[in-house]
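Note sheet for the following structure.
Residue numbers (the working numbering): 1 to 267.
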């Protein structure tokens, strides 16, 4: 699915240069679930944006299904995003004046889906996330968890190959967080999604097959116990995974100092 080789990203800050990514090498297999953790300001979100074609690297190769996103024209990258990549953000990013159904439909507009088909597919997507009775509610009439479910439906309605999530549970309480992650786990298992999450929450990170740790713009990959679990196990029967060779709550286990280095790049 993804193969990154020597990826760098530099930003100009005044007269100096900030190195957000320093030679990142990464392979994400088709159908894999990867979580990325690390201190604030060490390049996690920058990496996610490059995976999603929202930003371009300063150097290196970002191979997505045999195409280097770094070399594609902007129109081509936009098409890849529209067709193949779904996004979920911490702040939901819903349009406040549109209903839940209309918000979900927005993901289908760039694909030139007819209005009738958009409405039908959006309704089905909202039903899949448990919001069949909230189609006409605007975001202000929904709880935080419900708004994130709308955002997930919007990301998945176009049936993408990849779901990228930046702190998808960061604004939610623990119970709602668990509901959202259980929903995403089910979607991953049933739909064969490739998922990459950025999260500070170790409970969320441990659900993934692998954990990546960003520090000073460099990525280190750690395995978790769930990497041995078969995707075919129904979500309702799958035991909550526990880490084997790494504990994300232990900074030393992740290769992090107890006192993280000062931020060197955008998160």
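Each residue gets a CB set at the ideal place from its N, CA and C atoms; glycine is no exception.
The structure displayed is predicted, hence computed values, not measured ones.
Just to confirm the assignment, what range does the alpha helix (DSSP H) spanning residue 46 have?
44-51
Proximity of residue 135 and residue 107 at Cβ, strictly below 8 Å:
no
Report the option in 75, 10, 30 whose CA atom is closest to the CA atom of residue 47.
10
Taking 7 Å as the cut-off, does the CB of residue 219 come closer than this to any heavy atom belonging to the ligand MN?
Summarising the ligand content, the structure contains no ligands, and the ligand MN is consequently not present.
Suppose you measure from the CA of residue 26 to the CA of residue 145; what does that come to, to the nearest Å?
32 Å
Within this structure, are the beta carbons of residue 31 and residue 192 separated by less than 8 Å?
yes
Any beta carbon from chain B within less than 8 Å of residue 211's own beta carbon?
The structure shown contains no chain B, having only a single protein chain.
Whole angstroms is fine: what's the gap from residue 43's alpha carbon to residue 56's?
14 Å
Give the straight-line distance between the Cα atoms of residue 185 and residue 45, rounded to the nearest whole angstrom.
21 Å
Of the listed residues 95, 98, 7, nearest to residue 63 (C-alpha basis):
7
Nearest candidate by alpha-carbon position, reference residue 142, set 52, 36, 118, 97
97
Terminal residues of the continuous alpha helix (DSSP H) containing residue 187?
174-191
Using 8 Å as the threshold, is the C-beta distance between residue 196 and residue 28 below it?
yes
So the beta strand (DSSP E) residue 156 belongs to, where does it begin and stop?
Taken as a continuous stretch (DSSP letters only), residue 156 belongs to no beta strand (DSSP E), being part of the alpha helix (DSSP H) at 144-156.
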